[in-house]
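Peer 1:
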Amino acid sequence: MAAGRKPLEGKTALVTGGSRGIGRAITLRLAADGADIIINYLRRKSAAEQTAAEVRTKGVSARVIRANLAEPEKIEAMFDEISAEFGRLDILVSNAASGVARTALELDDRGWDWTMDINARAFLLCARRAAGLMKSGGRMVAISSLGSRLAWPVYTAVGVSKAALEALVRYLAVELAPLGISVNGVAPGAVESEALRLYTGGTDLAPSSWQTTPAGRMIRAEDVAGLVAFLCTEQADMIRGQTIVIDGGVSLAPVSIPAPGQGDAISHVKP
Amino acid sequence: MASEVEEVLRGIVARVVRKPDLNFSPTATFKDYDADSLDIVQILVAIEDHYDIELQDEALQSVSNMGDFIAHVEKRIAEKG
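Residue numbers (my numbering), protein chains in the order written: chain X, 1 to 271; chain R, 1001 to 1081.
(1) Could you check the C-alpha separation between residue 1058(R) and residue 1032(R) for me, to the nearest Å?
(2) Are the beta-carbon atoms of residue 36(X) and residue 57(X) separated by less than 8 Å?
(3) Look at the alpha carbon of residue 46(X) and the alpha carbon of residue 1050(R), and state the distance between them as a whole number of angstroms.
(4) To the nearest angstrom, report how far apart residue 1060(R) and residue 242(X) are at their CA atoms.
(5) Strictly under 8 Å for the Cβ-Cβ distance: is residue 1017(R) near chain X by that measure?
(6) Given that a residue counts as buried once 16 or more other Cβ atoms are within 10 Å of its Cβ, and exposed if not, what is residue 41(X)?
(7) So for residue 271(X), helix, strand or coil by DSSP?
(8) Would you report the Cα separation of residue 162(X) and residue 119(X), rounded to the nearest angstrom?
(9) Residue 150(X) to residue 159(X), Cα distance in whole Å?
(10) Closest Cβ-Cβ distance between residue 114(X) and chain C: below 8 Å?
(11) Within its chain, find whatever has a CB closer than 8 Å to the CB of residue 244(X); leave out the 5 residues flanking it on each side and keep chain order.
(12) Taking contact to mean 3 or more Cβ pairs, one atom from each stretch, closer than 8 Å, check whether the segment 121–128 of chain X and the segment 66–80 of chain X are in contact.
(13) Hey, which unbroken runs of the alpha helix (DSSP H) at 4 residues or more fall wholly within the segment 1–57 of chain X?
(14) Is the beta carbon of residue 94(X) closer than 8 Å to that of residue 27(X)?
(15) I'd like to know whether the C-beta of residue 11(X) is nearer than 8 Å to at least one C-beta of chain R.
(16) State the start and end residues of the unbroken alpha helix (DSSP H) segment that holds residue 159(X).
Okay, structure coming up:
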């Protein structure tokens, strides 16, 4: 990389669900690192256009495309547009997510299908088309969730869909490696976001159970964006098929225990 | 005579709630069609997609039946110009 050159300069990146929340932070970070951005959104056109305007202030281009990723033909149309307009793609960030908040026993087949279609199948369909537009050096990053490996209240459909997403990351990583395309995932813990407020609003969990991590604070969208940006660089080239947890250590110590004071015994064995 | 938006909405609601012979009425509510929260999201997405408009969830709070909803959609289409 030439001195002064931004790490993703000259790259074109598609961020699904890139207008708000974590997706917005990823969009802005990749733009700050020099990538031209395509923002996919589902409903909030004004938010997508606002994020695009902010992207352009960083000296790169921005394009917004509405597409409901639950519908394969809409994904096809989005990639037809990208193919016609850009002719290539260097980075795919599969971030768009949705889901129904139900326990396993309350979950109906439509809620299951909707969640799996957007959170897992859409990545497969996007990756299939993106691979055809990528050259060696292409990058795919899927945004998962700690809920893929833990069991959170009413998170069944999303958690299972994210587990499928992580498995897909591994399979795609191996399958696309000969093409020089790397595929990885990022699994954040609870991120301060509108999505988290919607989710925890449906539970009786105390806010403190989300806000405490061994690192001392919650994960921010910008933390996730920084990791995604790193995975898109040349330095990350030998990381393949991994889903990297970014959670401030909370999955290592899910129960918050006050740190022992100086001189306190930390075992039951008397000195 | 039903407006164009009413015809489009009727088709979308019938498809989403899986009732092809839906008896559509401007005074009916989503509840009358057994639409759950996922159905409503899918209806909103389909309408937004069809007309390339954005429906603000906050503005929809005052919508009580299909007639209100049609009026709101028509207003958003007119604002788009």
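For every residue, glycine included, the Cβ atom is placed at its ideal position computed from N, Cα and C. Given the structure is predicted, the values throughout are model-derived calculations rather than measurements.
Peer 2: The structure says:
(1) Translated into positions along the second sequence, residue 1058(R) becomes position 58. Translated into positions along the second sequence, residue 1032(R) becomes position 32. For residue 1058(R) and residue 1032(R), the distance between alpha carbons rounds to 22 Å.
(2) The residue given as residue 36(X) occupies position 36 in the first sequence. The residue given as residue 57(X) occupies position 57 in the first sequence. No, Cβ-Cβ distance for residue 36(X) and residue 57(X) is not below 8 Å.
(3) In the first sequence, residue 46(X) corresponds to position 46, counting from 1. In the second sequence, residue 1050(R) corresponds to position 50, counting from 1. Going from the Cα of residue 46(X) to the Cα of residue 1050(R) covers about 17 Å.
(4) As a working mapping, residue 1060(R) is identified with position 60 in the second sequence. As a working mapping, residue 242(X) is identified with position 242 in the first sequence. Rounded to whole angstroms, residue 1060(R) to residue 242(X) spans 42 Å at the Cα level.
(5) The count along the second sequence starts at 1 and reaches residue 1017(R) at position 17. Residue 1017(R) does not count as touching chain X.
(6) Stepping through the first sequence from its first residue, residue 41(X) is reached at position 41. In summary, residue 41(X) is buried, with 16 or more beta-carbon neighbours lying within 10 Å of its beta-carbon over all protein chains present.
(7) Locating residue 271(X) in the first sequence gives position 271, counting from the first residue. At residue 271(X) the pLDDT is 41, less than 50, meaning the model places this residue with poor confidence and gives no usable figure here.
(8) As a position in the first sequence, residue 162(X) is number 162, starting the count at 1. As a position in the first sequence, residue 119(X) is number 119, starting the count at 1. Approximately 7 Å between the Cα atoms of the pair.
(9) Within the first sequence, the letter at position 150 stands for residue 150(X). Within the first sequence, the letter at position 159 stands for residue 159(X). About 8 Å.
(10) Absence of chain C from the displayed structure is noted, the protein chains being X and R.
(11) Working through the first sequence from its first residue, we reach residue 244(X) at position 244. Hits under 8 Å: 184, 185, 186, 187, 227, 231.
(12) yes
(13) 21–32, 45–56
(14) Locating residue 27(X) in the first sequence gives position 27, where the first residue counts as 1. Locating residue 94(X) in the first sequence gives position 94, where the first residue counts as 1. Their beta carbons are not under 8 Å apart, which means residue 27(X) does not touch residue 94(X) by this criterion.
(15) Along the first sequence, one-based indexing puts residue 11(X) at 11. Taking CB atoms only, residue 11(X) has no neighbour in chain R less than 8 Å away.
(16) Position 159 of the first sequence, counting from 1, holds the residue named residue 159(X). DSSP places residue 159(X) in the uninterrupted alpha helix (DSSP H) bounded by 156–176.
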